Amino acid sequence: MGSIWEYANPVKFSQTVSRFLAPVAIVAGACLVVGLIWGFFFTPDDFRQGSTVKIIYLHVPSALMAINAWFMMLVTSLIWLVRRHHVSALAAKAAAPIGMVMTVIALLTGAIWGQPMWGTWWAWDPRLTSFLILFLFYLGYIALWEAIDDPDTAADLTSVLCIVGSVFAVLSRYAVNFWNQGLHQGASFARVEAVTGADTTEKVSNIFFYPLLMCIAGFVLLFVALVLLRTRTEIHKRRTRALLARERLA
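Residue numbering for the sequence shown follows the numbering used here, starting at 4 and increasing by one per position.
So this is what it looks like as structure tokens:
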């Protein structure tokens, strides 16, 4: 087996993406359809939250992907800074709009979920505030790429911005653990069980947990498919710009 760094070659990466993109997209679509239909139509209302609990099937997966998309950008940005592989820089650029959309979905569904539960659409809760700042970092990252003509300089500066923004990605994930105050509960996805004698308590009941897992799998695979597609597009755009520049010089 070859080294993983073989895929830093744009041609090798594009050829590999062409083989795997369609299957990943199909599985992502299947997981999303099954998970959302299962969650919205075949699970009961919660005894406290009623039907609003079903927002979990959009809110939790989108929030997870919003944070993990930034971490993926961090890893690829560090690879660019250390090894100067253009595919890694373009992958980070490709992931940013997807992560931003996931952040918007998480903020909107969180507001819809929070209004009947908290009595307000928004609160300056530590997690909500850090998540909003993360959204602003996504905007800044995308704007910085567009504002700089030289792609290598843009990749350098956006990589530094990504490292700084990772602080707020961490805060978005663990803000509830850092501060006790705030309306937002702990991680909904955690299945920490406390067993006392014959009694077992779970944060998420199995009836909600399994369709949630399916939705999360769908969001993850959708993110992978979109990043692969957008990275391949960025490679083609970079190649086209290089050819046009060569023609102008000739």
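We put the CB at the ideal spot given by N, CA and C, even for glycine. Treat the numbers as computed from the prediction; the structure is a model and nothing was measured.
Of the listed residues the options, nearest to residue i (C-alpha basis)
| i | options | result |
| --- | --- | --- |
| Arg51 | Trp121, Phe226, Val230 and Tyr213 | Trp121 |
| Ala109 | Val227, Phe134, Thr46 and Ala95 | Phe134 |
| Val90 | Val78, Ile101 and Pro100 | Val78 |
| Leu61 | Val14, Leu215, Arg249 and Ala172 | Leu215 |
| Ser54 | Ser80, Phe212 and Pro119 | Pro119 |
| Phe226 | Thr156, Met103, Phe138 and Ile136 | Met103 |
| His88 | Ala114, Leu24, Trp8 and Ile40 | Trp8 |
| Cys165 | Phe140, Leu24 and Asp155 | Phe140 |
| Val107 | Ser80, Leu142 and Thr123 | Leu142 |
| Ile210 | Asp49, Leu147, Ile238 and Trp148 | Asp49 |
| Val63 | Phe23, Ser21, Ala248 and Leu111 | Leu111 |
Other residues of its chain near residue i: CB distance less than 6 Å, five sequence neighbours each side excluded
| i | result |
| --- | --- |
| Trp83 | Ser91, Ala92, Ala158 and Ser162 |
| Arg233 | Ala97 |
| Gln18 | none |
| Ala11 | His88 and Val90 |
| Thr199 | At Thr199 the pLDDT is 33, less than 50, meaning the model places this residue with poor confidence and gives no usable figure here. |
| Ala253 | none |
| Arg241 | none |
Local Cβ density within 10 Å of residue i, reported as buried at 16 or more and exposed below that
| i | result |
| --- | --- |
| Val14 | exposed |
| Leu231 | buried |
| Ala72 | buried |
| Val56 | buried |
| Val85 | exposed |
| Ile40 | exposed |
| Arg235 | buried |
| Leu229 | buried |
| Arg130 | buried |
| Val36 | exposed |
| Ala94 | buried |
| Asp153 | exposed |
| Glu149 | exposed |
| Glu237 | buried |
Sheet register partners of residue i (DSSP bridge)
| i | result |
| --- | --- |
| Gly53 | Asp49 |
Proximal residues to residue i (C-beta, below 8 Å), its chain only, five neighbours per side dropped
| i | result |
| --- | --- |
| Phe74 | Ser169 and Ala172 |
| Tyr144 | Met76, Ala99, Thr161, Leu164, Cys165 and Gly168 |
Chain-order list of residues whose beta-carbon lies under 7 Å from that of residue i (same chain, five-residue window excluded)
| i | result |
| --- | --- |
| Leu3 | Residue 3 falls outside the range modelled here, since the chain spans only 4 to 253, and no answer is possible. |
| Trp124 | Ala114, Gly117 and Gln118 |
| Gly38 | Tyr60, Pro214, Met217, Cys218 and Gly221 |
| Met105 | Ser65, Met68, Ala69 and Ala72 |
| Ile136 | Phe171 |
| Thr243 | none |
beta-carbon residue i near the ligand MN non-hydrogen atom, thresh 7 Å
| i | result |
| --- | --- |
| His239 | No copy of the ligand MN appears in this structure; indeed no ligand is present at all. |
Per the contact definition of three or more C-beta pairs closer than 8 Å, is the segment 30-48 in contact with the segment 98-112? Between the segment 98-112 and the segment 30-48, the count of C-beta pairs closer than 8 Å stays below three; the two stretches do not touch.
Is the segment 62-77 touching the segment 216-224 in the sense that three or more CB pairs, one from each, lie closer than 8 Å? The segment 216-224 and the segment 62-77 touch, with no fewer than 3 CB-CB distances between them shorter than 8 Å.
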